[in-house]
Amino acid sequence: MEQNLYIKNKKAYFEYHILDKYTAGIQLLGTEIKSIREGKANINDAFCTFIGNQLYVRNLHISEYSMGSFYNHEAKRDRILLLNKKELKKLLTRGEEKGLTIVPLALFISDRGFAKLEIGLAQGKKTFDKRETLKERDTKVEMDRAMKR
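Just so you know, our numbering puts the end of the sequence shown at 152, numbered straight through with nothing missing.
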C-alpha cells in the first residue's frame with residue numbers, strides 16, 4: 004500500500020489566500036479507494052459546496068478502477084465530506100461571507116488507510132497578488148541556485 008500518496012492542488016494555492024484548513028473524510032465506494040491508492044485522482048478542478056446541511060465535493064475526478072467490473076464507479080460524482088457538526092456549522096457561516104469559498108487543497112491516505120481531503124476556507128487573489136506570488140517564487144529559485152554555487 005502506498006503510504007506517501009499526497010495529491011496536491013497547486014492551482015488553489017496560486018488562485019486563493021488560504022485562511023483556515025480542515026481535514027475531512029470522504030464517503031467513497033470500494034472501487035474509488037482502490038483507484039486513489041493507485042494514485043489515479045485529480046483535484047485541480049474540484050470545489051466544495053453545501054447541499055442541505057452536508058458538505059459535498061464536486062468535480063473530484065477519480066479514474067475508474069482498472070480491475071473493476073460492472074461495479075465500477077462514475078469518474079466525476081458528488082462525494083460527501085465527513086466533518087464534525089461544529090466544523091460544518093463554522094464553514095457554512097463563513098462560506099456565506101462575500102468573497103470566501105471552500106476549496107480542496109490535498110488528497111491523501113491517512114495512517115489508518117482512510118482517504119482524507121484537506122480543505123481550506125479561501126479568499127480569491129487579485130491579479131496583482133498573483134503577479135507578486137510569481138515574483139516571490141522566481142526570487143526564491145534564483146536564491147536557491149546562488150546558494151548551490
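Idealized CB from N, CA, C, for every residue including glycine.
Keeping to the same chain, check which residues put their C-beta closer than 8 angstroms to that of residue i; ignore five residues upstream and five downstream.
i: M4; result: Bear in mind that a pLDDT of 44 at M4, under 50, signals an unreliable position, so the model cannot answer this.
i: Y59; result: C51, T52, F53, D81, R82, I83, L84
i: I105; result: F50, C51, T52, L58, L94, G98, I122, G123, L124, A125
Going by CA-CA distance only, name the one from the options that's closest to residue i.
i: H76; options: E121, V106, Q30; result: Q30
i: E100; options: L22, A15, D114, Y59; result: L22
i: G42; options: A27, G33, Y68; result: Y68
i: K129; options: E35, K14, D48, E18; result: E18
i: M70; options: D114, G55, T34; result: T34
Can you find the residues in the same chain that come closer than 6 angstroms, C-beta to C-beta, to residue i, ignoring five residues on each side of it along the sequence?
i: H64; result: N45, A78, K79
i: K11; result: A109
Since residue i and residue j are thought to touch, with beta carbons under 8 angstroms apart, how far apart are those beta carbons, to the nearest angstrom?
i: K24; j: G127; result: Actually they do not touch by this definition, with Cβ atoms about 17 angstroms apart.
i: A27; j: L85; result: 6 angstroms
i: I36; j: A118; result: 6 angstroms
Looking only at its own chain, which residues have a Cβ that is under 7 angstroms from the Cβ of residue i, when we skip the five neighbours before and after it?
i: N47; result: N12, K14
i: L32; result: H76
Ordered list of alpha helix (DSSP H) runs contained in the region 16 to 40, each at least 4 residues: 33 to 40
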